[in-house]
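Engineer: Have a look at the structure that comes next, please.
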Amino acid sequence: MNGTTPTTQDTPDKGRLQINLVSDISAYPIQGAQISIFYTGIPEAQLEQLTTDSSGQTDTIDLAAPPLEYSLNPENEVQPYSEYTMQITAEGFESVSIAGAEILADVTAIQNVSMKPIDTPEDEETVFVIPAHTLYATYPPKIPEDEIQPTFESGEIVLSRVVVPEYIVVHDGSPRDSTAKNYYVKYKDYIKNVASSEIYATWPEDTIRANVLAIMSFTLNRVYTEFYRNRGYDFTITSSTAFDHKWIPERNIYDTISVIVDELFADYLSRPNVKQPILTQYCDGRQVQCPNWMTQWGSKSLGDQGYSPIEILRYYYGDDMYINTAEAISGIPSSWPGYTLEIGSSGNKVLQMQEQLNVIAGAYPAIPKITADGIYGPATAESVRTFQKVFGLPQTGTVDYTTWYKISEIYVGVSRIAELYG
46 MNGTTPTTQD TPDKGRLQIN LVSDISAYPI QGAQISIFYT GIPEAQLEQL TTDSSGQTDT
106 IDLAAPPLEY SLNPENEVQP YSEYTMQITA EGFESVSIAG AEILADVTAI QNVSMKPIDT
166 PEDEETVFVI PAHTLYATYP PKIPEDEIQP TFESGEIVLS RVVVPEYIVV HDGSPRDSTA
226 KNYYVKYKDY IKNVASSEIY ATWPEDTIRA NVLAIMSFTL NRVYTEFYRN RGYDFTITSS
286 TAFDHKWIPE RNIYDTISVI VDELFADYLS RPNVKQPILT QYCDGRQVQC PNWMTQWGSK
346 SLGDQGYSPI EILRYYYGDD MYINTAEAIS GIPSSWPGYT LEIGSSGNKV LQMQEQLNVI
406 AGAYPAIPKI TADGIYGPAT AESVRTFQKV FGLPQTGTVD YTTWYKISEI YVGVSRIAEL
466 YG
């Protein structure tokens, strides 16, 4: 944007933005926060002033964006997203400024922010500057590695089965950069962040699925083999594109990517008779070529032609690649029952879900509390539907795989602190 006001010629399309704020300590939503929105580089021209509701959320607003076609055409060299700055203030919390939030045409950018309670009156604003998207700017290409990593069976370190971790530790720099900060990031949030940083959310759904599967499989390989910890480091993965994937603190994600990660988060890619998730490497296919690896622009082209996720992946990685599901998911009270809970369902799984939903409703008053009786009636369906609305899921009023694990995730977030300090 370079400090000049974008014209309607530059940005004839619209993207959308929604902001969600929670406390860094309690995971409770922050109501009544004020958010000012500007074009990045033009701080004197406020475009919007938003306030968060009882769920810590703003209304979804439309913002000007470059033509949709820019993010769909590999030959295009014009920046396909517009950049906005958010200044966020809430009573009792440190202020946050995020510059460079990326708005693409026709999709909703979701800005999730965990705000730190103020310790001292002098606490200053925390500023995040979001760097350019990896498909638009030039980043170091991936240093090739074997797709199946050696494992050190002698130690306690390598896992005996594939487990989806609750958190991973991201080193925000290259492995040997000791000045880089380590971040504890929820696994699903990490995948959503990387996918939003490395592909465009405007691409076909099955292209997004193929790329998300590749990102998750690579990440789970790092977890499974304890790749960095076996080398003496205290983190799971880095944010360097030369070694791993691009992860950016406080970057916005997108609705199209978020829904797909929630749907697929326990999956990874396998080869026959290989226990570990495959280290699926890839490149953009425009600035960098990588024979025998997936290219992101190539996967977009295959998605346009109607290829399914596994067909896209096999096109690049060979016909013996298949999708597997992790044996265990960390950090959840109980696994999905294996079938959708709906009106007429009853039993312990319904009771457990109702109890969790009531704890969540204590933090999110928009969600109606219900009688926890193990019977899935209309009131339970309505409470589930409101939960789905608040957390960006399809509003079915039924508890499928995705909704079950989202309820578990939010329940753990809002109840854990109560346990610690209760």
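Going by the numbering used here, the first residue of the sequence shown is number 46, and it counts up by one from there. Backbone N, C-alpha and C fix where the C-beta goes; we use that ideal spot for every residue, glycine too. Every value quoted in this text rests on a predicted model; they were computed, and no experiment measured them.
(1) Looking only at C-alpha atoms, which of G389, T443, I260 sits nearest to W292?
(2) Can you list, in chain order, the residues of its chain whose CB lies under 7 Å from that of T370, leaving out five sequence neighbours each side?
(3) Check P354 in the structure and name its three-state DSSP category.
(4) Do I213 and T270 count as a contact pair if the criterion is CB distance below 7 Å?
(5) Going straight from the alpha carbon of I244 to that of I302, what length do you get?
(6) Alpha carbons only, please: which of E295, Y360, Y409, G376 is nearest the one belonging to I175?
(7) Helix, strand or coil: which one does DSSP assign to Y409?
(8) Return yes when the Cβ of V429 is within less than 7 Å of the Cβ of Y409, no when it is not.
(9) Restricting to Cα atoms, I'd like to know which of Y181, V257, Y232 is closest to I305.
(10) Would you decide whether V152 is buried or exposed? Buried here means 16 or more other CB atoms lie within 10 Å of its CB.
(11) Of all the options T134, D58, T97, S68, which has the alpha carbon lying nearest to the alpha carbon of P125?
(12) Go to S147, then tell me how far its alpha helix (DSSP H) extends in each direction, as first and last residue.
(13) So what's Y232 in DSSP terms, helix, strand or just coil?
(14) Could you name the residues of the same chain whose beta carbon sits closer than 6 Å to that of S116, not counting the 5 residues immediately before and after it, in chain order?
(15) Sorted by chain position, which residues of the same chain lie with C-beta nearer than 7 Å to N238's C-beta, five sequence neighbours on each side aside?
(16) Since K291 sits in a beta bridge, which residues does DSSP pair it with?
(17) Grouping DSSP H, G and I as helix and E and B as strand, with all else coil, what is N509?
(18) Could you have a look at Q401 and say whether DSSP puts it in helix, strand or coil?
(19) Identify which residue in S99, P88, S71 has its Cα closest to the Cα of A78.
(20) In chain order, what residues of the same chain lie with their CB nearer than 6 Å to the CB of A72, ignoring the 5 residues before and after it?
(21) Going by the beta-carbon positions, is the gap between S262 and T179 smaller than 7 Å?
(22) Looking at the strands, I want to know which residues DSSP matches up with L92.
(23) Closer than 8 Å is the cut-off here; do at least three beta carbon pairs connect the stretch 209 to 225 with the stretch 188 to 197?
(24) Have a look at G376 and E454 and give me their C-alpha separation to the nearest angstrom.
(25) Between D300 and the rest of its own chain, which residues show a CB-CB distance below 7 Å, the 5 nearest in sequence each way excluded?
(26) Please name the residue or residues paired with T171 in a DSSP beta bridge.
(27) Please name the residue in D349, S390, S344, W449 whose C-alpha comes closest to that of S380.
(28) Taking only heavy atoms of the ligand GTP into account, decide whether any of them is closer than 6 Å to the Cβ of E89.
(29) What separation, rounded to the nearest whole angstrom, lies between the Cα atoms of I106 and Q63?
(30) Alpha carbons only, please: which of Y360, K226, I323, L95 is nearest the one belonging to Y278?
(31) Using three-state DSSP, classify M261 as helix, strand or coil.
(32) Could you give the distance in angstroms between the alpha-carbon of F272 and the alpha-carbon of T224?
(33) Let me make sure I understand the geometry here. Which of D251, Y446, M131, P249 has the alpha-carbon closest to that of L66?
(34) Determine the direct distance from the alpha carbon of V208 to that of Y367, and round the result to whole angstroms.
(35) Within the continuous alpha helix (DSSP H) that includes G348, where are the two ends?
(36) Quick one: using the 10 Å Cβ neighbour count with 16 as the cut-off for buried, is S241 buried or exposed?
Structural biologist: Taking the structure as given:
(1) I260
(2) A311, D312
(3) helix
(4) no
(5) 9 Å
(6) E295
(7) coil
(8) no
(9) V257
(10) buried
(11) D58
(12) It should be noted that the sequence gives Glu, not Ser, for residue 147. Note, E147: premise wrong, no alpha helix (DSSP H); beta strand (DSSP E) at 141 to 148.
(13) helix
(14) P125, L149, Y245, T247
(15) W292, I293, R296, I298
(16) None; K291 has no bridge partner.
(17) The requested residue 509 is not part of the displayed model; the chain covers only 46 to 467.
(18) helix
(19) S99
(20) G458, V459
(21) no
(22) None, per the DSSP bridge assignment.
(23) no
(24) 8 Å
(25) V152, T153, I155, G437
(26) V141
(27) W449
(28) By its list of ligands, the structure shown contains no ligand whatsoever, and the ligand GTP lies outside what it can speak to.
(29) 7 Å
(30) K226
(31) helix
(32) 20 Å
(33) M131
(34) 18 Å
(35) 341 to 349
(36) buried
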